[in-house]
Amino acid sequence: MTPALEITGLSVSYGGARAVDDVSLTLRGGQVVALLGANGAGKSSLLRAVIGLVPVVAGRLVVNGRDLAKLPPEQRADAGLGYVPEGRRVFAGLTVRENIEVVVDAAARQRAGRVADMLALFPDLAAKSTERAWRLSGGQQQMLAIARALARRPRVLLLDEPSLGLAPQVAATVFARLRAIADDGVAVLLAEQNAARALAIADEAVVLAHGRIALAGAAKTMSADDDALMALLA
Ligand SMILES: Nc1ncnc2c1ncn2[C@@H]1O[C@H](COP(=O)(O)OP(=O)(O)O)[C@@H](O)[C@H]1O
Ligand SMILES: [Mg+2]
2 MTPALEITGL SVSYGGARAV DDVSLTLRGG QVVALLGANG AGKSSLLRAV IGLVPVVAGR
62 LVVNGRDLAK LPPEQRADAG LGYVPEGRRV FAGLTVRENI EVVVDAAARQ RAGRVADMLA
122 LFPDLAAKST ERAWRLSGGQ QQMLAIARAL ARRPRVLLLD EPSLGLAPQV AATVFARLRA
182 IADDGVAVLL AEQNAARALA IADEAVVLAH GRIALAGAAK TMSADDDALM ALLA
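Basically the numbering used here = 1-based index in the sequence shown + 1.
Printed below as a string of structure tokens:
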């Protein structure tokens, strides 16, 4: 099967400083890959390079068999990449429904169908569909950010620290939802500081240190209290 996302030799620099250094990884549909690493390890830079928000120095980026490395972010999204940025960034002044509507570039009827699909998938949001996003709780805003990305039917969903600032129970709900999204066939690349929680739902894990892959393997072979892993995350 063609991988959903294939990253080869990806490097990112800010001025002279190398933030991501020769990273390669592959995701298949249905898989959750946890992208772990200490603060500053390069997780956000890697995601931002994949979606096209920061330029790459080198590397290939293939989604669904198609090389996207030269395309602007909007076209990468059209080609199947979904992105949930750190801090959620929902449109605070728009309602839940409008937040989803504005990202779906389709005829009105299709758009209404897509919104209905997302509200069915996220019952918490359905109850708040006419509420403005700033009135939602942090967990609900995170769900909305995920719904907004999913409404475009991506093959690959990139998430930057979705548990940040959420109470443990709320984070657990978000993570369970991410697992279900992958089980539906989406490839999920999950950047997280919360290694234990991410490993619990991931199939594979990649640990970055100073922009390079320091450790990679099956999530079930990695334990968040392993000394070597702890040292890399500290
Ligand atoms: N816009 C930027 N300009 C310059 N340096 C940056 C920028 N964004 C991140 N960095 C640096 O790149 C490195 C990786 O950061 P980042 O990708 O945010 O890591 P993480 O998400 O793992 O915390 C850090 O050294 C950080 O200071
Ligand atoms: Mg980050």
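Beta carbons are placed, not taken as given, at the ideal position from N, Cα and C, and that holds for glycine.
Reducing DSSP to helix, strand and coil, say where residue i ends up.
i, result
"residue 174", "helix"
"residue 189", "strand"
"residue 222", "helix"
"residue 228", "helix"
"residue 70", "coil"
"residue 184", "helix"
"residue 42", "coil"
"residue 19", "strand"
"residue 149", "helix"
Suppose the cutoff is 8 angstroms on Cβ atoms and the five residues either side in sequence are ignored; what does the same chain contact list for residue i look like?
i, result
"residue 80", "64, 65, 67, 69 and 72"
Within the same chain, show all residues whose beta-carbon is closer than 7 angstroms to that of residue i, passing over the 5 residues directly before and after it, in chain order.
i, result
"residue 33", "179, 180, 183, 189, 191, 202, 203 and 204"
"residue 78", "153"
What does the alpha-carbon distance come out to for the pair residue i and residue j?
i, j, result
"residue 8", "residue 75", "19 angstroms"
"residue 133", "residue 100", "9 angstroms"
"residue 86", "residue 162", "8 angstroms"
"residue 52", "residue 158", "10 angstroms"
"residue 233", "residue 226", "11 angstroms"
"residue 59", "residue 12", "5 angstroms"
"residue 107", "residue 215", "42 angstroms"
In the DSSP assignment, what are the bridge partners of residue i?
i, result
"residue 7", "27 and 63"
"residue 12", "59"
"residue 83", "158"
"residue 206", "35 and 218"
"residue 97", "In DSSP, residue 97 forms no bridge with anything."
"residue 133", "96"
"residue 213", "210"
"residue 105", "According to DSSP, residue 105 bridges with nothing at all."
Could you pull the start and end residues of the alpha helix (DSSP H) that residue i belongs to?
i, result
"residue 111", "109–122"
"residue 194", "Premise fails: residue 194 is in no alpha helix (DSSP H) and is neither H nor E."
Any chance the CB of residue i is under 8 angstroms from a heavy atom of ligand 4?
i, result
"residue 40", "As far as ligands go, the structure on display features ligand 1 and ligand 2 and does not contain ligand 4."
Might you give, ordered along the chain, the residues of its own chain that have their beta carbon closer than 6 angstroms to the beta carbon of residue i, omitting 5 neighbours on each side?
i, result
"residue 6", "28, 64, 157 and 188"
"residue 171", "140"
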